[in-house]
Amino acid sequence: MGKVSKADKKIAYDHKLCQLLDDYTQVLVAAADNVGSNQLQNIRQGLRGDSVILMGKNTMMKRSIRMHSEKTGNKAYLNLIPLLVGNVGLIFTKGDLKEVREEVAKYKVGAPARVGLVAPVDVVVPPGNTGLDPSQTSFFQVLNIPTKINKGTVEIITPVELIKKGDKVGSSEAALLAKLGIRPFSYGLVVLSVYENGSVFSPEVLDLTEDDLVEKFALGVSMVTSLALAIHYPTIAAAPHMLINGYKNLLAIAVETEYSFPLADKVKEYLADPSKFAVAAPVAADAVAPAAAAAAPAETKKEEPEEEEDDDFGMKCFYAENIWDNVSEWCSLQGATDFCVHVHGNGLGHVQQKALQAVLTSCWVIWKQKNEKVFKWRKAVLEHIKTVSYIWVGNRAKSRTIEWEN
-2 MGKVSKADKK
8 IAYDHKLCQL
18 LDDYTQVLVA
28 AADNVGSNQL
38 QNIRQGLRGD
48 SVILMGKNTM
58 MKRSIRMHSE
68 KTGNKAYLNL
78 IPLLVGNVGL
88 IFTKGDLKEV
98 REEVAKYKVG
108 APARVGLVAP
118 VDVVVPPGNT
128 GLDPSQTSFF
138 QVLNIPTKIN
148 KGTVEIITPV
158 ELIKKGDKVG
168 SSEAALLAKL
178 GIRPFSYGLV
188 VLSVYENGSV
198 FSPEVLDLTE
208 DDLVEKFALG
218 VSMVTSLALA
228 IHYPTIAAAP
238 HMLINGYKNL
248 LAIAVETEYS
258 FPLADKVKEY
268 LADPSKFAVA
278 APVAADAVAP
288 AAAAAAPAET
298 KKEEPEEEED
308 DDFGMKCFYA
318 ENIWDNVSEW
328 CSLQGATDFC
338 VHVHGNGLGH
348 VQQKALQAVL
358 TSCWVIWKQK
368 NEKVFKWRKA
378 VLEHIKTVSY
388 IWVGNRAKSR
398 TIEWEN
């Protein structure tokens, strides 16, 4: 059989590359610096079944891709051309991209430091006995490595950074590492870019989990919602918040006027007779108390929360009083009772009133739920705060008291 000409080899290579482009939609572009032929053969065997590795000259691969793109009309192939820079190869695969990349990474092998190579990592010589005879001491002195003679051999005293990442390996460094039997570098195929159905992205994307994607999606939805609410532009994400805000505005109007609607009736009923829900928490506590008393030993009574007989929130309630003290100290506010008088009589700004109303109402709702060891209805509590904060201080401050019964 005659010798195959270069032209025939190029034709065969072009046909093979075009066939792979037709058969595969996923391609990994991998750097092959310092990868030996035996190592590459082992990688081919490890990927055999659903992946094919193709190496070649960049100019030849670019030419074949351009011609195949023109022939088929598929411009997506052209996205591969900018990636063919340096000593790279193509890994065509039908398997999971992350698994293929992990399989390729398994075939890294240690390599000695050769003169002239650019160090991919820092090289540190560890302290310890080198096994070299004392005649080699001068060799270490040239490299400024502190040593001592121990039991007839040279011992390195402290760790020494011999080569920094990005520096070229010198003859002295290479000779020392060879004497010590240290192979500081490891080489293998390194995935640089990923091509999938015309899209090109970084291999770091393969490390994203479903939780990461959900988190990023939720963050995007949150930003869209915030923007839509700020500019009053309706979107699917912002619609629930807009409806709630509209409901709160209608509720505020209904409370101050005789107009009402079904969703406002219950709130107006609460305002007309607050005792219906002000005693809800104590009732729940009374129901739980007998069972708790029967189960708990007598000596554990000291762990029971302080009794709060009055409905005077902010005065006798430990939780609300503690919260109010912290808020008062932070905001430099007066006492709780004087605060209500201040809100009603001094004409605060609209924004200030809303903020202070929310603080007071939050304290009251926490007091209302104090007998629950765990806040099992946090969402309901928050919604209650949002609704009542618009109306509570406006009604309670008129009587200049913070007792709910009044």
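At position 360 of the sequence shown the residue is numbered 357 (this note's numbering), and the sequence of numbers has no breaks.
We put the beta carbon where it would ideally sit given N, CA and C, even for glycine.
- Exposure of residue 139 is indicated by the presence of fewer than 16 other C-beta atoms within 10 angstroms of its C-beta.
- Distance check between residue 25 and each of 15, 18, 11 and 98 places 98 closest, using alpha-carbon atoms only.
- Only residues of its own chain outside the window of five on either side were considered, and among them 120, 122 and 170 have a CB closer than 6 Å to the CB of residue 159, listed in chain order.
- Between residue 200 and residue 211, the C-beta gap is not smaller than 8 Å, which leaves the two residues out of contact.
- With a threshold of 16 other beta carbon atoms within 10 Å, residue 77 meets it and is buried.
- With a threshold of 16 other beta carbon atoms within 10 Å, residue 220 falls short and is exposed.
- Annotation: residue 52 to residue 1 spans about 19 Å, alpha carbon to alpha carbon.
- In the same chain as residue 232, and ignoring 5 residues on each side of it, the C-beta atoms closer than 8 Å to its own belong to 221, 222 and 225, in chain order.
- Annotated three-state conformation of residue 162 is coil, per DSSP.
- Our two residues, residue 148 and residue 136, have alpha carbons roughly 19 Å apart in a direct line.
- Taking the C-beta atoms as reference points, residue 27 is found nearer than 8 Å to residue 188.
- Considering only 40, 84 and 70, the residue with the shortest C-alpha distance to residue 58 is 84.
- By the neighbour-count criterion, in which 16 or more other beta carbons inside 10 Å mark a residue as buried, residue 173 falls on the buried side.
- Between the region 58 to 67 and the region 5 to 22, the count of Cβ pairs shorter than 8 Å is three or higher; the stretches touch.
- Taking C-alpha positions only, residue 30 is separated from residue 184 by approximately 7 Å.
- Within the same chain, Cβ atoms closer than 8 Å to the Cβ of residue 61 are found at 10, 11, 14 and 15, the five residues on either side in sequence being excluded.
- Contact between residue 116 and residue 161 holds: CB atoms are separated by about 7 Å, below the 8 Å threshold.
- Secondary-structure assignment with DSSP links residue 51 through a beta bridge to 87.
- When only Cα atoms are considered, residue 255 and residue 263 end up about 14 Å apart.
- Excluding residues up to 5 positions away in sequence, 36, 39, 40, 43, 185 and 186 lie with their Cβ nearer than 8 Å to the Cβ of residue 104 in the same chain.
- For the set 55, 133, 48 and 70, the Cα lying nearest the Cα of residue 90 is the one of 48.
- Inclusion of residue 134 and residue 153 in the CB contact set at 8 Å is not warranted, their separation being larger than that value.
- Annotated three-state conformation of residue 205 is coil, per DSSP.
- Assigned with DSSP and collapsed to three states, residue 46 falls in coil, not helix or strand.
- With 16 or more other Cβ atoms from the protein chains shown falling within 10 Å of its own Cβ, residue 86 counts as buried.
- Residue state for residue 256 is assigned as coil, using DSSP reduced to three classes.
- Going by beta carbons, residue 166 and residue 112 fall inside the 8 Å limit.
- Residue 181 and residue 118 have their C-alpha atoms some 8 Å from each other.
- Separation of residue 265 and residue 229 (C-alpha to C-alpha, rounded to the nearest whole angstrom) is 29 Å.
- Counting along the chain, residue 172 sits inside the alpha helix (DSSP H) bounded by residues 168 to 177.
- In the three-state reduction of the DSSP assignment, residue 28 falls in the strand class, which pools E and B.
- For residue 112, the secondary structure class from DSSP, reduced to helix, strand or coil, is coil.
- Cβ atoms of residue 124 and residue 151 stay farther apart than 8 Å, at about 12 Å.
- Between the alpha carbons of residue 195 and residue 260 lies a distance of about 54 Å.
- As a beta-bridge residue in DSSP terms, residue 196 pairs with 193.
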